[in-house]
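Note sheet for the following structure.
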Amino acid sequence: MSANLDHGRQQNRRTATDGAVTAGLSQVSAGAFYVATIGVGTPVQNFTVIVDTGSAEMWIPSTACSSCRAANKFVSASSSTFLATEISDSIAYGTGSAQGKLANDTVTWNGLVVKSQQFLLVDQVDSAVSTGFNGIVDGLLGLAYQNGLTSGPVHETLLYSLFAQKAITNTYFSIWINAASTTTASTPKDPNGGKLILGGADASLYTGNWTFLPLYSLAGGLANSAYFWAVAAKGLGFRGAQTASAGSGVSVIVDSGTSGIYVDAQTMANVIAGFSATHPNVFVLDTTSGFYTCTCNVAGTLPDLVFYLGVGGLPFPIPSRYYIANFKDACALCESVRVPCQVGDNVLNPDRNFHRLDINTKGSSGENWILGDVFLQTYYSLYDMGNNQVGFAVAMSGTNPKGDGVPVTAAVLKSGGGVGVTALPANTLGSARTATVQMPLFAILLIFLF
0 MSANLDHGRQ QNRRTATDGA VTAGLSQVSA GAFYVATIGV GTPVQNFTVI VDTGSAEMWI
60 PSTACSSCRA ANKFVSASSS TFLATEISDS IAYGTGSAQG KLANDTVTWN GLVVKSQQFL
120 LVDQVDSAVS TGFNGIVDGL LGLAYQNGLT SGPVHETLLY SLFAQKAITN TYFSIWINAA
180 STTTASTPKD PNGGKLILGG ADASLYTGNW TFLPLYSLAG GLANSAYFWA VAAKGLGFRG
240 AQTASAGSGV SVIVDSGTSG IYVDAQTMAN VIAGFSATHP NVFVLDTTSG FYTCTCNVAG
300 TLPDLVFYLG VGGLPFPIPS RYYIANFKDA CALCESVRVP CQVGDNVLNP DRNFHRLDIN
360 TKGSSGENWI LGDVFLQTYY SLYDMGNNQV GFAVAMSGTN PKGDGVPVTA AVLKSGGGVG
420 VTALPANTLG SARTATVQMP LFAILLIFLF
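Counted from 1, the sequence shown has number 99 at position 100 by numbering that gives the first Met the number 0; the numbering is strictly sequential.
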């Protein structure tokens with residue numbers, strides 16, 4: 000534990016960092032997406048967009064997009080600041096895709112204004128995107144690291160534009176996902192899904208010290224210039240069981256646009272083997288779907304799943320109530336820990352009475368992992384361009400969190416470091432995860448960006 004972090008506990012508490020701007024996040028479809036509202040054009044036209052730290056480009060649908068099931072479509076002729084181009088572009092998300100032409104216009108976000116922001120004005124999406132968005136989501140807002148503050152390479156993110164145009168002075172942002180947020184089939188969107196704080200962090204939304212991990216390239220090795228917010232992955236295991244080591248040079252991408260956690264199949268097989276040495280016959284491989292399963296009567300007794308991250312392999316546990324989701328009358332460990340899979344692998348038969356350890360066995364060892372929203376429910380996350388690092392602190396949950404987290408200061412960020420998390424305080428845990436069988440495929444396929 001660094002001296003700066005200890006000193007931070009002696010200071011007077013502040014909630015949001017000075018000069019920060021807080022944007023509310025809504026949860027959509029049982030954690031399939033977390034969305035914010037942005038404005039584009041003059042006068043402003045509002046759009047609901049997925050907040051995605053795993054991609055860089057921003058896109059919204061145009062009125063010409065007949066395949067878009069968006070509630071809002073951009074009317075370019077109505078904006079006096081719109082600038083069209085003839086440059087075609089497309090984005091592929093595994094089985095989901097969008098295409099259109101690049102454009103520029105003024106973008107507003109919670110009172111912050113960016114002029115001449117580049118984005119993709121989409122005129123066609125495929126059925127996976129159309130079905131996944133389901134008339135609730137309009138587009139996507141990429142917040143990837145994408146070369147950080149380096150001036151030479153291309154920067155597409157609205158985040159970089161906010162810094163470059165001095166709309167915010169602190170070169171970092173933070174995300175809190177409210178684990179107590181819930182949705183239903185009749186109310187698929189909850190406005191209390193979380194917060195994204197531009198240029199700051201809110202100490203009432205987390206507790207304890209920070210742990211900061213330096214960015215790590217996907218090829219292995221420390222990196223100050225990269226695309227993803229990625230850190231080193233060292234191992235994974237159930238608490239009290241043997242830990243399985245990650246492959247050499249494996250990175251884990253911190254991705255708010257992915258609902259689950261993705262791990263390569265070989266590592267997960269080793270995790271199951273280690274756990275089964277002392278808890279035999281708990282998990283069974285369902286060869287039809289390629290997922291490990293366990294019966295409902297043992298699922299509630301499963302221990303924390305611990306990720307060992309950073310070059311030092313620091314621990315970050317996740318409780319079973321977060322990595323297990325209830326699917327109607329059946330139980331499933333779904334949208335949590337898994338590897339890339341084929342279309343349909345995430346569909347659970349509601350008549351089968353088991354929990355599912357959502358790990359597909361088609362992946363190979365050495366593949367990079369992804370930490371999505373299941374992990375981010377447990378940990379408040381901070382994305383620091385100025386110091387090329389990602390920070391984690393134990394998240395609070397609820398409608399009125401009263402965390403006592405160490406405030407974020409320039410000194411805390413510069414000192415970095417931390418020791419990880421050995422145990423999760425009981426008062427931070429939210430409700431168990433719930434979901435419907437018809438989980439949108441697009442939420443899963445957002446990770447196929449690399």
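Ideal Cβ placement from N, Cα and C applies to all residues, glycine included. Remember, it's a predicted structure, so these values are computed and weren't measured experimentally.
According to DSSP, simplified to helix, strand and coil, what is A268? A268: helix per DSSP, three-state reduction.
Compute the Euclidean distance between the alpha carbons of W58 and G99, then round it to the nearest angstrom. Distance between the alpha carbons of W58 and G99 is about 9 Å.
Note down the Cα distance separating S244 from S216, rounded to an integer number of angstroms. Put simply, the backbone Cα of S244 is about 18 Å away from that of S216.
For the alpha helix (DSSP H) that contains D372, what are its first and last residues? Start and end: D372 to T377.
In the DSSP assignment, what are the bridge partners of V407? None; V407 has no bridge partner.
Spatial distance of A97 from T62 (CA atoms): About 14 Å.
Any idea which residues DSSP pairs Q123 with across the strands? Looking at the DSSP output, Q123 bridges to Q98.
Three-state secondary structure (DSSP) at G450? Missing from the structure shown is residue 450; the chain here goes from 0 to 449 and no further.
Which same chain residues end up closer than 8 Å to V453 when comparing Cβ atoms and leaving out the 5 residues on each side of it in sequence? Not covered by the structure: residue 453. The range shown for the chain is 0 to 449.
Return the chain-ordered list of same chain residues with a C-beta closer than 6 Å to the C-beta of G397, the five sequence neighbours on each side being excluded. Answer for G397: A179, listed in chain order.
On a Cα-Cα basis, can you pick out the residue from F81, G402 and A425 that is closest to L204? Among F81, G402 and A425, the Cα nearest to that of L204 belongs to G402.
Would DSSP call Y215 helix, strand or coil? In the three-state reduction of the DSSP assignment, Y215 falls in the strand class, which pools E and B.
Report yes if the C-beta distance between E452 and L119 is below 8 Å; otherwise report no. Because the chain is modelled from 0 through 449, residue 452 falls outside the range shown and cannot be assessed.
Should I252 be labelled buried (16 or more other beta-carbon atoms within 10 Å of its own) or exposed? I252 is buried by the Cβ-count criterion.
Among D104, N133 and C67, nearest to D125 - alpha-carbon criterion: The shortest CA-to-CA distance from D125 to any of D104, N133 and C67 is the one to C67.
How would you call E155, buried or exposed, if buried means at least 16 neighbouring beta carbons within 10 angstroms? Within a 10 Å sphere around the beta-carbon of E155 sit 16 or more other beta-carbons, which makes this residue buried.
Pick out whichever of G246, F315, D372 and L214 has its Cα sitting closest to the Cα of T421. The shortest Cα separation from T421 among G246, F315, D372 and L214 belongs to F315.
Could you have a look at S203 and say whether DSSP puts it in helix, strand or coil? Three-state result, S203: helix.
Quick one: what's got a C-beta closer than 6 Å to D88's C-beta in the same chain, skipping five residues either side? Within the same chain, D88 has close Cβ partners L101 and L119.
With burial defined as no fewer than 16 other Cβ atoms inside 10 Å of the residue's Cβ, what is the status of T183: buried or exposed? Counting other Cβ atoms within 10 Å of its Cβ, T183 stays below 16 and is therefore classed as exposed.
Just mark S258 as buried or exposed, buried being the case when its beta carbon has 16 or more other beta carbons within 10 Å. Label assigned to S258: buried.
State the start and end residues of the unbroken beta strand (DSSP E) segment that holds Y171. Here the beta strand (DSSP E) through Y171 covers Y171 to I176.
Beta-carbon proximity of V418 to L212, cut-off 8 Å: Cβ atoms of V418 and L212: not closer than 8 Å.
DSSP state of S319, grouped into three classes? In this structure, S319 counts as helix in the three-state DSSP scheme.
Return the chain-ordered list of same chain residues with a C-beta closer than 7 Å to the C-beta of P400, the five sequence neighbours on each side being excluded. Excluding five sequence positions before and after P400, the CB atoms of its chain that fall closer than 7 Å to its own CB belong to S203 and L204, given in chain order.
Burial state of K114, where buried means 16 or more other Cβ atoms lie within 10 Å: Answer is exposed; the Cβ neighbour count stays below 16.
Do the CB positions of G198 and T107 come within less than 8 Å of each other? Not in contact: G198 and T107 (Cβ atoms no closer than 8 Å).
In DSSP terms, what A167 is bridged to: The question names Ala, but residue 167 is Ile in the sequence shown. I167 pairs with nothing; no bridge assigned.
C-alpha gap between T377 and G192, whole angstroms: T377 and G192 have their C-alpha atoms roughly 14 Å apart.
Would you grab the beta carbon distance between A232 and L308 for me? Rounded to a whole angstrom, and I think it's under 8 Å. Indeed, because the Cβ distance is near 6 Å, the residues count as touching under 8 Å.
Rounded distance between the beta-carbons of L111 and V20, thought under 8 Å: In this structure, V20 and L111 form a Cβ contact; the two beta carbons are roughly 6 Å apart against a cut-off of 8 Å.
T130 in three-state terms, based on DSSP: Judged by DSSP in its simplified three-state form, T130 adopts helix.
In whole angstroms, give me the CA-to-CA distance for S275 and L214. A direct Cα-to-Cα measurement between S275 and L214 gives close to 33 Å.
Using DSSP bridges, identify the partner residues of L304. Beta-bridge pairing links L304 to F237 and I317.
If we ignore side chains and look at the alpha-carbon of each, how far apart do N280 and W209 end up? Whole-angstrom Cα-Cα distance: 38 Å.
Under three-state DSSP, which class holds F32? In this structure, F32 counts as strand in the three-state DSSP scheme.
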